[in-house]
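Following: one structure in structure tokens, then a few remarks.
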Amino acid sequence: MIKGYQRMKDRKDLPILRVENLSVAYATRKGEVPAVRDVSFEVRRGETFGMVGESGCGKSTVAFSIVNFLGPNGRIKAGRIFFQGQDLVGRSERELRHLRGNRIAMVYQDPMQALNPSLRIGEQMAEVLIVHQGLKRAEAEERCIQMLERVYMPDPANVMRRYPHQLSGGQQQRVVIAMALLNDPALLIMDEPTTALDVTVEAAVLDLIAGLQEDFDTAILYISHNLGVIARVSDQVGVMYAGQLVERAPVTDLFLKPLHPYTQGLLRCVPRLGQDKLSSYLLPIRGQVPSPAALPSGCIFEPRCDFARPECRHGMPEYRQVADGHWVRCYFAEEVAGAGYQPPKELVAEMLATARKEREPVLRIERLKTYYEAPSPKLFDRRKRYVRAVDDVSLEAYKGLTLGIVGESGCGKSTLARTIIGLERPTDGKLEFMGFDIRKPVSKRDLEIIKNMQMVFQNPDSTLNPAFSVGRQIARPLELFKVVPKDQIRGEVIRLLELMKLGPNYYDRLPRQLSGGEKQRVGIARALAGRPELVLCDEPVSALDVSVQAAVLNLLLEIQHKLGTTLIFIAHDLSVVRFLSDYIAVMYLGKVMEFGTAEQIYAPPYHPYTEALLSAVPIPDPRAEQKHVRLEGTVPSALNPPAGCRFHTRCPRKLGPICEQEEPPWQDAGNGHRIYCHIPLEELRKVEPVITLHTDNAIKVR
Amino acid sequence: MTVSEEVFPSAKPSFLERLRDSLLILWGSKTAMVGLTMVMFWIVVALLAPWVTKYSPTEQDWQAQNQGPSAQHWLGTDDAGRDIWSRLVYGARVILIQTPVTDKFSLPIGVAVWGVLLGLVVGSTLGLVGGYLGGWIDEIIMRLLDAMMAFPVILLYMIIIAAVGPSAINVVLAIAIVGTPGIARLVRSLTLDIRTREYIRAAEVRGEKLWYILFVEILPNASGPILIDAMLRLGYAIFAMGTLGFLGLGLPPPSPDWGSMVAKGRRFILAGSPWAALWPAVAIASLVVGLNLLADGLREETQRYR
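Just so you know, the sequences run in chain order A and B.
Per this note's numbering, residue 1 is the first one in the first sequence, and the count goes up by one each step.
Per this note's numbering, residue 703 is the first one in the second sequence, and the count goes up by one each step.
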């Protein structure tokens, strides 16, 4: 129906996009800063090229230079970009428009910024066709509906009449993708299109993207920081580091036989669902990404590389083909591949030295409810409406162990944390900490309770007060809780900094002089300063890059071993939660759906929601087998949650009317494993495991 | 997980380094430099008043009335034969350097500066409290300030001075009262943003007192925009002093007051001696424009750094 008339003319073997030795620099006050150096790759028709790298590695700059959106201070220094055989570099805006036409489309991270909030979906989509292809409105709308159907949008005719804010995030992103496909682009550039989405929604969008090449025969350049996502959608993968493409290979080769030390390091940083707390230690890459203004003269990875030799410091290694289609920028790629990495012994010993302790509850939550008053939609309606953010939650946190709380956004996990710490007032229920009732807000709690319960926050950029030095911010709780005498405060701060693997020279630094991971460590040090019994961590690593994330996660584990601190770890990432937690609670729409030890949660019997979550997690291993369970619809509003089981509106295993009418019972699956579901346990036990990993990975650590 | 081995020098900037950094920011903006030069001119001249002129501002010379610029009187004389340059310089002293309280006693720092400082203290406190606590406290504070803002500024000045009588201290109070609502609004909007940051949650979670959160956690992070706003406000205050002086509500005569100098000199413009009105008008304009340029330049430059 959509004719690839242009495409017919192209020769089959010609890559849609070929980037040759691309170098891009940005002009700044301190002079010109190289953002991308000598990058070469190509994307063929019907192929997805996944570009992966940590923040600031230049992957978005590559995308922007293809569409010439580098901004006033960005400039292509060298190299060529061939699109369908034509060089795009150095052409005027008009020539570019002619060459590209509407054959390159781009999808960004935030769908709300790509859609005009004041136009109906139908109007904005039809406009694309009316302007670019001169179609009549009726015809254009017809085509739009067909396109929405092709991106598996439920009820497309209805969606056409809605405004963007009336759609969920996943639906918005589908609309953006459909819009990008309307002109039948030869090249589709996607820059982190699923990063802002919840894991179950992300899974559905990724399914769609993975199916695009088959349906549309488009070349896709897919940019992401998430190795799991890249493994799921890509055919070819390129790994970017500090502005260079360090390795490029077909997806299975890259994940199973990585040749560059950086790629290997990255893969070792990612927590996997197959691992648990006692059997694994993530291996972060030491040091940090060099700033583009001060790049090392030799191999850019040399300062952080475990295989580095003196030769590596002299001259940038060539980008060379090692095996068929496997390119790498390393002098010793062949040796690196064969060497196999041995983790430092002391790390392993430290991790194995711990044994499970007695279960001694520190925090007891019983039938806790936290409701927010919602503004009434009517001016004169006096009836109050409530957002039931946390609705009847019972949990326990045990001394020295980690309680993980997972769920998608809006499930109430953050409200639960805020209620425990005393920033929200509970509406009903019991809340006991170390035997004391703590239903009071934090300002009315005893100093002793405040001191023993501290929190680590999510956003590294706002967790520290930008006005004060690191030392002062860690010293403040010491002073407030009188942990040590006044004259020893400085020494104690330095001890804490060292516990965080930060040197004493960090004492006088300001937050803006720290990297994201360092800020997060200071935030942890601040929380630990009062030697608390319980630390609540609200998504402490979700804003960090994988290599940094690994270091922070390890640090949390290590601290727990050393100090015996109880942790409540809140996250949306199931692999991270699995890595860190002893006990896990899965939350959905204000209620706990399943509770048990980490092993119990990640193996059958599953709650149907847990099953869906697990099958949605992107796994950085192209050979992993994962069941395909996708949730329909969107999370209902917490203002008016569904009767009966809250999950029944989306449950793929719904039994029938009983799920809609009756609240499910708590079924005990043994050893404290509780499942909140009507389906009999025997049936849930029959479900097969969601994820099967093949454990003979080439990069397996132990 | 080895710590990077690089050895960083102690990162705490000394006072001199910080001064140098701020000067560098200023140096980067031509607008700010021009403004700074104009403002510094008046500050230096006012500081050194006894040394830059040989006349007293009240010394009358009935032999030399309404003269134009000459070697004796650089900018000429007014209708009472007083040296205009000397009156300008001592007028600047009142605005910027010292506030006369009684004949014998005067406070350091000028009338306009005191007025703005007082407005800053009251306005910031109200803005911080309203913005951070929210709810009905915020509602009451902001509605009262809105009511004050509903009056035209000149009218408000005149009402206040007419009620309490013209004196240096009362002008300070008038400037502070008129400036408070605007400052409170600005600080409140900054607070509304800053209070959502996680470091404020961290402070709450460790049980900090209200005053600590307001003045130690929030205020330092709002100081940049407040400082720039204060410079603009200083300009408005000088303008207001000129207006009040012109209307005869400023400092009581014969103290040197730029506004009343314009008012007196105005009668002789058509009589062929415009100098007595022209020079104080130029003085007001240059100081106000200088402060505006400085504030604009600083704002541009700090935003570009972000």
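Glycine included, every Cβ here is placed at the ideal spot set by N, Cα and C.
Spatial distance of residue i from residue j (CA atoms)
{"i": "S731/B", "j": "I930/B", "result": "15 Å"}
{"i": "R720/B", "j": "E1002/B", "result": "19 Å"}
{"i": "R630/A", "j": "P154/A", "result": "14 Å"}
{"i": "H607/A", "j": "V690/A", "result": "12 Å"}
{"i": "T354/A", "j": "T263/A", "result": "Only weak support is given to the placement of T354/A: the predicted model assigns it a pLDDT of 49, under 50, and the value that follows is read from those uncertain coordinates. Their Cα atoms are separated by approximately 31 Å."}
{"i": "V470/A", "j": "T1004/B", "result": "23 Å"}
{"i": "M434/A", "j": "L368/A", "result": "17 Å"}
{"i": "L790/B", "j": "G961/B", "result": "10 Å"}
{"i": "V442/A", "j": "A374/A", "result": "23 Å"}
{"i": "I843/B", "j": "I885/B", "result": "13 Å"}
{"i": "L227/A", "j": "S55/A", "result": "13 Å"}
{"i": "A467/A", "j": "L725/B", "result": "20 Å"}
{"i": "R359/A", "j": "F64/A", "result": "54 Å"}
{"i": "D538/A", "j": "L567/A", "result": "10 Å"}
Within-8 Å CB hit, residue i to chain B
{"i": "A248/A", "result": "A quick correction: the sequence has Arg, not Ala, at residue 248/A. So no, R248/A is outside the interface."}
{"i": "N465/A", "result": "yes"}
{"i": "N459/A", "result": "yes"}
{"i": "R445/A", "result": "yes"}
{"i": "A353/A", "result": "Residue placement at A353/A is flagged as unreliable, the pLDDT there being 47, under the threshold of 50; the coordinate-derived value follows with that caveat. Output row for A353/A: interface = no."}
{"i": "I421/A", "result": "yes"}
{"i": "I450/A", "result": "yes"}
{"i": "M455/A", "result": "yes"}
{"i": "S581/A", "result": "no"}
{"i": "S615/A", "result": "no"}
{"i": "V547/A", "result": "Checking the displayed sequence, the identity of residue 547/A turns out to be Ser instead of Val. Not closer than 8 Å to any Cβ of chain B, the Cβ of S547/A fails to qualify, so no."}
{"i": "S462/A", "result": "yes"}
Beta-carbon proximity of residue i to residue j, cut-off 8 Å
{"i": "V393/A", "j": "V592/A", "result": "yes"}
{"i": "A965/B", "j": "I877/B", "result": "no"}
{"i": "L206/A", "j": "V229/A", "result": "yes"}
{"i": "A140/A", "j": "A126/A", "result": "yes"}
{"i": "V251/A", "j": "P622/A", "result": "yes"}
{"i": "A598/A", "j": "P652/A", "result": "no"}
{"i": "P511/A", "j": "L556/A", "result": "no"}
{"i": "M455/A", "j": "I405/A", "result": "no"}
{"i": "E424/A", "j": "A219/A", "result": "no"}
{"i": "L704/A", "j": "L182/A", "result": "This structure does not reach residue 704/A, given that chain A is present from 1 up to 702, and the question cannot be answered."}
{"i": "E662/A", "j": "G644/A", "result": "yes"}
{"i": "L431/A", "j": "R439/A", "result": "yes"}
Residue-level contact to chain A via CB, residue i, 8 Å cutoff
{"i": "P927/B", "result": "no"}
{"i": "G833/B", "result": "no"}
{"i": "E1002/B", "result": "no"}
{"i": "P868/B", "result": "no"}
{"i": "P696/B", "result": "In the structure displayed, chain B extends from 703 to 1008; residue 696/B sits before or after that span and is not available."}
{"i": "N768/B", "result": "no"}
{"i": "E761/B", "result": "no"}
{"i": "E919/B", "result": "yes"}
{"i": "N923/B", "result": "yes"}
{"i": "A997/B", "result": "no"}
Distance between beta carbons of residue j and residue i, contact taken as under 8 Å
{"i": "A624/A", "j": "L574/A", "result": "Wrong, their Cβ atoms sit about 14 Å apart, outside the cutoff."}
{"i": "N116/A", "j": "Q109/A", "result": "Contact flag wrong, Cβ pair sits at about 17 Å."}
{"i": "R890/B", "j": "G833/B", "result": "4 Å"}
{"i": "V36/A", "j": "G169/A", "result": "That belief does not hold up - the Cβ atoms of V36/A and G169/A are roughly 30 Å apart, past 8 Å."}
>> What are the residues in the region 892-908 of chain B lying within 9 Å of chain A by C-beta distance?
In response: T898, R899, E900, Y901, I902, R903, A904, A905, E906, V907, R908: these are the residues of the region 892-908 of chain B whose beta carbon lies less than 9 Å from some beta carbon of chain A, given in chain order.
> Which residues, taken in chain order from the region 516-527 of chain A, show a beta carbon closer than 9 Å to some beta carbon of chain B?
Replying inline: Cβ proximity to chain B below 9 Å picks out G523, R526, A527 from the region 516-527 of chain A.
> Using a Cβ cut-off of 7 Å, which residues of the region 65-99 of chain A contact any Cβ in chain B, in chain order?
Replying inline: Going along the region 65-99 of chain A in chain order, one finds no residue with a Cβ nearer than 7 Å to chain B.
>> Against chain B, which members of the region 164-175 of chain A pass a CB distance test of less than 7 Å?
In response: Listed by position along the chain: nothing, the set is empty.
> Using a beta-carbon distance cut-off of less than 7 Å, what residues from the region 472-499 of chain A approach chain B?
Replying inline: The residues in question are P477, L480.
> Relative to chain B, which residues along the region 423-444 of chain A have a C-beta separation below 8 Å, given in chain order?
Replying inline: Result list: L423, V442, S443.
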